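Q: The working numbering applies: residue 3 is where the sequence shown begins, and numbers increase by one.
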Amino acid sequence: MTVHAVPSPRSLREAWIALAGLSAVFLFEMLDNSILNVALPTIGRDLHASTTALQWVSNSYAVVFGGLMLVFGAVADRFGRRRVMLAGLALLGVASLATLFVTSVGGLIAVRSVMGVAAAMTTPGSIALAFRLFQADDLRVRAMTLISTVGLVGLAVGPPLGGFLLAVAPWQALLLVNVPIAVLAFAGIGRGVGPDTDLHRGPADYLGGVLGTVTIVLALVVPTLFVEGSGLAWAAAVLTVVAAVAYVVRARTAKHPLLDLKLVAHPLVSAGLAYKAATGLAAAGLTYLVTLQLQLDWGWSPALAAAGMLPQVVVLIAAGPVVTRFVEWAGLNRGVWLGALAVVAGLAAYALFGRLGYLSVATALVLVAIGIRVVGAVAGVNVLKGLPENRTSIGAALVDTASQVTSAAGVAVSGTVLAVLFAGGIAQPGWSAGQTAQFERAVTVGGLTLTAMAGALVAWAYFRARHAH
3 MTVHAVPSPR SLREAWIALA GLSAVFLFEM LDNSILNVAL PTIGRDLHAS TTALQWVSNS
63 YAVVFGGLML VFGAVADRFG RRRVMLAGLA LLGVASLATL FVTSVGGLIA VRSVMGVAAA
123 MTTPGSIALA FRLFQADDLR VRAMTLISTV GLVGLAVGPP LGGFLLAVAP WQALLLVNVP
183 IAVLAFAGIG RGVGPDTDLH RGPADYLGGV LGTVTIVLAL VVPTLFVEGS GLAWAAAVLT
243 VVAAVAYVVR ARTAKHPLLD LKLVAHPLVS AGLAYKAATG LAAAGLTYLV TLQLQLDWGW
303 SPALAAAGML PQVVVLIAAG PVVTRFVEWA GLNRGVWLGA LAVVAGLAAY ALFGRLGYLS
363 VATALVLVAI GIRVVGAVAG VNVLKGLPEN RTSIGAALVD TASQVTSAAG VAVSGTVLAV
423 LFAGGIAQPG WSAGQTAQFE RAVTVGGLTL TAMAGALVAW AYFRARHAH
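1. I'd like to check one pair, L168 with A51: are the Cβ atoms closer than 8 Å?
2. Which residue comes first and which comes last in the alpha helix (DSSP H) that contains M87?
3. Comparing C-alpha positions only, which one of V113, I19, T101 sits nearest to G196?
4. Can you give the beta carbon distance from M146 to A132, rounded, assuming they're within the 8 Å contact cut?
5. If I measure Cβ to Cβ from T137 and keep anything under 7 Å in the same chain, skipping five residues before and after, which residues do I get?
6. Measure from the alpha carbon of L220 to the alpha carbon of each residue in T255, A239, G211, P205, then state which is nearest.
7. Excluding the 5 residues preceding and the 5 following T4 in the sequence, name in chain order all residues of the same chain whose CB lies nearer than 6 Å to its CB.
8. Scan the segment 262 to 293 and note each continuous alpha helix (DSSP H) run of 4 residues or more that stays entirely inside, going in chain order.
9. When you compare only the Cα positions, how much space is there between D262 and H268?
10. Between which residues of its own chain and G46 is the CB-CB distance below 6 Å, once the five residues before and five after are set aside?
11. Do you know offhand how far G426's Cα is from Q295's?
12. Going residue by residue through the segment 288 to 339, where are the continuous alpha helix (DSSP H) segments of at least 4 residues, counting only ones entirely within it?
13. Threshold first: 4 residues or longer. Then list the alpha helix (DSSP H) segments lying entirely within the segment 102 to 136, N to C.
14. Look at S165 and A305 and say whether their C-beta atoms are less than 8 Å apart.
15. CA-CA distance, L291 and L99?
16. Whole angstroms is fine: what's the gap from I252's alpha carbon to S25's?
17. Beta-carbon separation of G337 and V376 under 8 Å?
18. Given the structure, does I319 come close to the ligand COA, in the sense that its CB is under 7 Å from one of the ligand's heavy atoms?
19. Assuming V71 contacts T403 under a Cβ cut-off of 8 Å, what Cβ separation, rounded to an integer in Å, is found between them?
20. Where do the ends of the alpha helix (DSSP H) carrying Q430 lie?
21. Span of the alpha helix (DSSP H) holding A206?
Encoded structure:
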């Protein structure tokens, strides 16, 4: 197949329309992940949701997103990345508008799941297409940094923006924010990104995609089933293991596997994914616990709780130049390790001292934000460096999958610990002294559990990266 050369932009300014669209896609992913957290108590009271249902209001989006991302990456490689992204943005707009008609927690979970489908169709292409826009490595890195920065700003401003909106509007307004973002992304990608000319014509491993999706979804459902005492819990756990083994066997034996495990085994790739997994786990789990603590335990209003998240916002938005200089000084491998270590330290500080006062909470938020900023700027670059040039799309999907799945896991772990240790309806006002003690114990246990999980991922990534050279 003949590919006609298209002049490569010589600066980010020349590609500003495309970059605006691609950045808006990443903004939607990160903003949508965080903006609802501050509204969970309000949603719980309005829709009479249980602790488990609240967990799935937050988790359903990430579970569907993480489970379907690799499948849609394969679809996009074959039918056109631009075409699939535009279809996903249209779906996002429709799903966001459907929020106006939600009257039950089940309906909200369904809407969030459809948004997860839209995210799986759109987000992986943002980084991959940014790489494809430019030929010069320095411009590729700058474009990735720009898009990542916009996404991190979305992650940072989500909780405070959600809190301030709740002060003047119903919680449905938080999801309607996605509509103008989808319109901006659709316009930028439609005008600034040309149709694909290098579609992959090889057969797609859709069976592998199904097995991978089933494995991810089951792994996140099983903890909830055990907490609820469901008779299906052990059967679901066994089915999870069977699905995971079947996926690995399929990936090793298929002629054209959805994901070649040899590529994932490359030290740069596996280490980068582990670092991203650690930060995704930490960010989601910490935000979930802090949001509930400020509003339900300490009695802060949504707006005041939003203000309480500002230390994280300031660091994520303002730390860009400092992070760039830090990475130049430390180097990619040392920089990403130190950044991930800050994440683990922040989680540990919150677990051990977060109940003592806001200063401890703010310190934890700052440490985790610093780590997220550094890892976000480096880990994705390392993953793509470790892959062949023609696999950048699947590489971008892997990075996002690692972050999204572990974000869901962070909320699942936190919510499961709360469900086990807290008696009664967590969203109901007027806690007893015993319930307050139970919540504080759950924060400590949940925080230490997340710390151990993130620390194990960081340690493994560190030793794995040492084999990259």
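The C-beta atom is built at its ideal place from N, Cα and C for all residues, glycine as well. Quick caveat: nothing in here was measured; it's all calculated off a predicted structure.
A: Taking the coordinates as given:
1. No.
2. Per DSSP, M87 is one residue of the alpha helix (DSSP H) stretching across 83 to 100.
3. Out of V113, I19, T101, I19 has the C-alpha closest to the C-alpha of G196.
4. In this structure M146 touches A132 by the C-beta definition: roughly 6 Å separates them, less than 8 Å.
5. Note that residue 137 is Gln in the sequence shown, not Thr. So the qualifying residues of the chain are S10.
6. Checking every option, the nearest Cα to that of L220 belongs to A239.
7. At T4 the pLDDT is 39, less than 50, meaning the model places this residue with poor confidence; the figure from the coordinates comes in the next sentence. So no residue of the chain qualifies.
8. Segments of the alpha helix (DSSP H) lying fully in the segment 262 to 293: 263 to 266.
9. Approximately 11 Å between the Cα atoms of the pair.
10. Hits under 6 Å: L56, A429.
11. If you draw a straight line from the Cα of G426 to the Cα of Q295, it is about 16 Å long.
12. Correct list: 304 to 310, 312 to 320, 322 to 332.
13. Whole alpha helix (DSSP H) segments, 4+ residues: 107 to 135.
14. Sequence inspection shows Gly at residue 165; the Ser mentioned does not correspond to that position. Using a Cβ distance threshold of 8 Å, G165 and A305 count as a contacting pair.
15. Looking at the two C-alpha atoms, the distance is approximately 29 Å.
16. Per the sequence presented here, residue 252 reads as Arg, with Ile not at that position. When rounded, the distance between both Cα atoms is 35 Å.
17. Cβ atoms of G337 and V376: closer than 8 Å.
18. Among the components of this structure there are no ligands whatsoever, and the ligand COA is therefore not found.
19. At residue 71 the sequence reads Met, which differs from the Val that was named. With a Cβ gap of about 5 Å, M71 and T403 count as contacting.
20. Per DSSP, Q430 lies in no alpha helix (DSSP H) and is assigned neither H nor E.
21. Secondary structure note for A206: it is in no alpha helix (DSSP H), with a DSSP letter that is neither H nor E.
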